[in-house]
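Protein chains in written order, with the working numbering: chain A, 315 to 560; chain B, 315 to 560.
All C-beta atoms, glycine included, are put in the ideal place defined by N, C-alpha and C.
Down below is the structure, laid out as structure tokens.
2 protein chains.
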Amino acid sequence: MAKIVVVGLGPGGLSQMTGEAMEALRDSGVIAGYDLYIDLIRGAFPEKRFLSTPMRKEVDRCRLAVEEALKGNTVAMVCSGDAGVYGMAGLIYEVAEQMGEIEIEVVPGVTAALSGAAVLGAPLIHDFAVISLSDLLTPWELIEKRIRLAAEGDFVLCFYNPSSKKRFDYLRKACGLILAHRAPETPAGIVRNIGREGQESRVMTLAELRDTPVDMFTTVFVGNSRTKVIGGKMVTPRGYKGVTID
Amino acid sequence: MAKIVVVGLGPGGLSQMTGEAMEALRDSGVIAGYDLYIDLIRGAFPEKRFLSTPMRKEVDRCRLAVEEALKGNTVAMVCSGDAGVYGMAGLIYEVAEQMGEIEIEVVPGVTAALSGAAVLGAPLIHDFAVISLSDLLTPWELIEKRIRLAAEGDFVLCFYNPSSKKRFDYLRKACGLILAHRAPETPAGIVRNIGREGQESRVMTLAELRDTPVDMFTTVFVGNSRTKVIGGKMVTPRGYKGVTID
């Protein structure tokens, strides 16, 4: 049967892919994906056929991949990070449902919440919420509501798509909402170009984060009420009962 | 300088580790961790020295690892999934701070939220909250509050540690709280022994989930108000504005 494997590449370099993901690419006839991600892996698979499409054309990209699969090719659709976190995995199911019978498999990868956390220390050791600040497909009112509720629940917060040219002040607004529930000294952190050339990171306070400009290649973290800074790293304790080290 | 690398192994098999994680184990002099995780990798590294400890002895395990590092060994501390999500990465920072100067590096892995989601389809395509139902170190009242707030915010929900002998009814309670905000037909799913022998999964409704017994090897997912079932898989759309496929 026609088959698509939706593969999460992890943050960047080939060494951050799982063995299973590497194998899925090796076993595929065609590799499809956004230009930038294709460029990350093209060198390692010189014999493959690639279908690359520009950004923002996600539905077209999925249709192209499903068409290829329906011709009898095993298609690997690649995504940065994890294909199931703001990735193409869902859209492939939705598009394939309309186009024909194909087998779909999702191979997970290391999403930016995990790879970014590892750079900053250990911010996600306790309950956390992942929120995209992009309002392309989600009303800003719902995004604000989620930030408020997650802040009230003392979740560690991780923001994807924290900014763009049009949305330069969204992270500032988000920090304002969190500051209604959390101290300005709460540890926060940003990581840019995770696992890629030019990786940069910084641990700061929530108050500083509010005044820090970020771009769309940045993932943002805000600690919970117990998160502390140890040796320049963000560290969230395992719980709330008494001291952590007992 | 003395060094500890905290390594996330992913859900189970060696092929679900990243290349970077594999390399960190190869480069280490000693591999430390909980018995069960050590057993997963022992065969692949016959020449290594292993320090394995029983469960629930996390602080002792970290102290042992830091002591080894302070002797000049490069120690890899392994965790299932991702070391930074309810894992040992945070505790290593906390313990090391008290014991001496060592370098700490975290190598991320595929946590159960991602590997379980891939088995069920694509439930995490939009904003999500990860909550542990274990009240060993967190008051149950705070866990309840988080479930209520995340349900109100229409986050996709992912539960770790959904049950144990003493806490057999916690998932039932959690579903009750979610049902105050979400329809009983909301798609939900469970995955047991992700990536290991005997992997099992099931997609069902939130109402059915409430009456489903689960064990501590299970990861649980509850969709948001837009999540649907396509060909037996849980699929969350990319957003809320109009139709998803435009």
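Original post:
Is the beta carbon of residue 319 (chain A) sitting closer than 8 Å to the one on residue 387 (chain A)?
Top reply: One thing to note: residue 319 (chain A) has its Cβ no nearer than 8 Å to the Cβ of residue 387 (chain A).
Original post:
For a contact meaning CB atoms closer than 7 Å, what does residue 334 (chain B) contact in chain A?
Top reply: Here the neighbours are 329, 330.
**OP:** Find the nearest neighbour of residue 391 (chain A) within the set A:485, A:336, A:327, A:450, judged by alpha-carbon distance.
**Re:** Distances from the CA of residue 391 (chain A) to each of A:485, A:336, A:327, A:450 were compared; the closest alpha carbon is that of A:336.
Subject >> Near-chain A residues of the stretch 533 to 559 of chain B - C-beta to any C-beta below 8 Å >> reply: Residues 544, 545, 547, 549, 550, 551, 552, 553, 554, 555, 558, 559.
Original post:
Curious, which full-length alpha helix (DSSP H) runs of at least 4 residues does the stretch 443 to 516 of chain A contain?
Top reply: 454 to 466, 484 to 492, all fully within the stretch 443 to 516 of chain A.
Original post:
If contact means a Cβ-Cβ distance below 8 Å, which residues of the stretch 436 to 451 of chain B contact chain A?
Top reply: Per Cβ criterion, the list reads 436, 437, 438, 439, 440, 441, 442, 443, 444, 445, 446, 450, 451.
**OP:** Can you give me the start and stop residues for the beta strand (DSSP E) that residue 554 (chain A) sits inside?
**Re:** Boundaries for residue 554 (chain A): no beta strand (DSSP E) harbours it, and the DSSP string shows neither H nor E there.
Subject >> C-alpha distance - residue 510 (chain B) paired with residue 325 (chain B), whole-angstrom precision >> reply: Going by the C-alpha atoms only, they are around 7 Å apart.
Original post:
Does residue 424 (chain B) come within less than 8 Å of chain A when only Cβ atoms are used?
Top reply: Yes, residue 424 (chain B) lies at the interface with chain A (some Cβ there is under 8 Å from its Cβ).
Subject >> Interface positions of the stretch 464 to 483 of chain A facing chain B (Cβ-Cβ less than 8 Å), listed along the chain >> reply: Per Cβ criterion, the list reads 464, 466, 467, 468, 469.
Subject >> Alpha-carbon to alpha-carbon, residue 432 (chain A) and residue 341 (chain B) >> reply: Looking at the backbone, the Cα of residue 341 (chain B) and that of residue 432 (chain A) are separated by about 19 Å.
**OP:** Go to residue 540 (chain B), then tell me how far its alpha helix (DSSP H) extends in each direction, as first and last residue.
**Re:** Here residue 540 (chain B) belongs to no alpha helix (DSSP H), and DSSP marks it neither H nor E.
Original post:
Considering only residues of the same chain and omitting the five flanking positions on each side of residue 334 (chain B), which have a CB-CB separation below 7 Å?
Top reply: 421.
Original post:
Can you give the beta carbon distance from residue 437 (chain B) to residue 399 (chain B), rounded, assuming they're within the 8 Å contact cut?
Top reply: Incorrect: roughly 17 Å between the Cβ atoms, too far for contact.
Subject >> For residue 334 (chain A), the three-state DSSP class (helix, strand or coil) >> reply: Correct three-state label for residue 334 (chain A): helix.
Original post:
From residue 520 (chain A) to residue 464 (chain A), what distance separates their C-alpha atoms?
Top reply: Near 15 Å, if we compare the C-alpha coordinates of residue 464 (chain A) and residue 520 (chain A).
Original post:
If you compare alpha carbons, which of A:323, A:453, A:389 is closest to residue 317 (chain A)?
Top reply: When only C-alpha atoms are compared, the closest one is A:389.
Subject >> Identified DSSP bridge partners for residue 418 (chain A) >> reply: Its beta-bridge partners are A:318.
Original post:
Is the CB of residue 511 (chain B) under 8 Å away from at least one CB in chain A?
Top reply: No, no contact with chain A.
Original post:
Where residue 506 (chain B) and residue 523 (chain B) are concerned, what is the direct C-alpha to C-alpha distance, given to the nearest angstrom?
Top reply: Using only the alpha carbons, I get a separation of about 14 Å.
Original post:
Applying a beta-carbon distance threshold of less than 7 Å, which residues of chain B neighbour residue 404 (chain A)?
Top reply: At a beta-carbon threshold of 7 Å, the residues of chain B lying near residue 404 (chain A) are 436, 439, 549, 550, 551, 552, ordered along the chain.
Original post:
Whose C-alpha, out of B:492, B:338, B:462, is nearest the C-alpha of residue 362 (chain B)?
Top reply: Of the listed residues, the one whose Cα sits closest to residue 362 (chain B) is B:338.
**OP:** Would you mind working out which of A:435, A:408, A:416, A:444 sits nearest residue 425 (chain A), comparing C-alpha positions?
**Re:** The residue with the shortest Cα to Cα distance from residue 425 (chain A) is A:444.
Original post:
With distances taken between CB atoms, is the gap from residue 328 (chain A) to residue 355 (chain A) smaller than 8 Å?
Top reply: Yes, the pair counts as a contact, with Cβ atoms nearer than the cut-off.
**OP:** Could you spell out where the beta strand (DSSP E) holding residue 438 (chain A) opens and where it closes?
**Re:** No beta strand (DSSP E) contains residue 438 (chain A), which DSSP labels as neither H nor E.
Original post:
DSSP beta-bridge partners for residue 547 (chain A)?
Top reply: Partner(s): A:544.
Original post:
So what does DSSP say about residue 348 (chain A), is it helix, strand or coil?
Top reply: Residue 348 (chain A): strand per DSSP, three-state reduction.
Original post:
Contact between the stretch 480 to 492 of chain A and the stretch 444 to 463 of chain A: three or more CB pairs below 8 Å?
Top reply: Touching, yes, given that three or more Cβ pairs across the two stretches are closer than 8 Å.
**OP:** Could you tell me whether any Cβ in chain A is nearer than 8 Å to the Cβ of residue 501 (chain B)?
**Re:** Not closer than 8 Å to any Cβ of chain A, the Cβ of residue 501 (chain B) fails to qualify, so no.
**OP:** Going by CA-CA distance only, name the one from A:377, A:495, A:477 that's closest to residue 582 (chain A).
**Re:** There is simply no residue 582 (chain A) to check, as chain A begins at 315 and stops at 560 in what is shown.
**OP:** Give the DSSP-derived three-state secondary structure of residue 404 (chain A) in the structure shown.
**Re:** Assignment of residue 404 (chain A) by DSSP, reduced to helix, strand and coil, places it in the helix class.
Subject >> First and last residue of the uninterrupted beta strand (DSSP E) at residue 389 (chain B) >> reply: 388 to 393 is the extent of the beta strand (DSSP E) around residue 389 (chain B).
Original post:
When the distance is taken between beta carbons, is residue 375 (chain A) closer than 8 Å to residue 348 (chain A)?
Top reply: The beta carbons of residue 348 (chain A) and residue 375 (chain A) sit closer together than 8 Å.
Original post:
Are there 16 or more other CB atoms within 10 angstroms of the CB of residue 447 (chain A), so buried, or fewer, so exposed?
Top reply: Under this definition residue 447 (chain A) is a buried residue.
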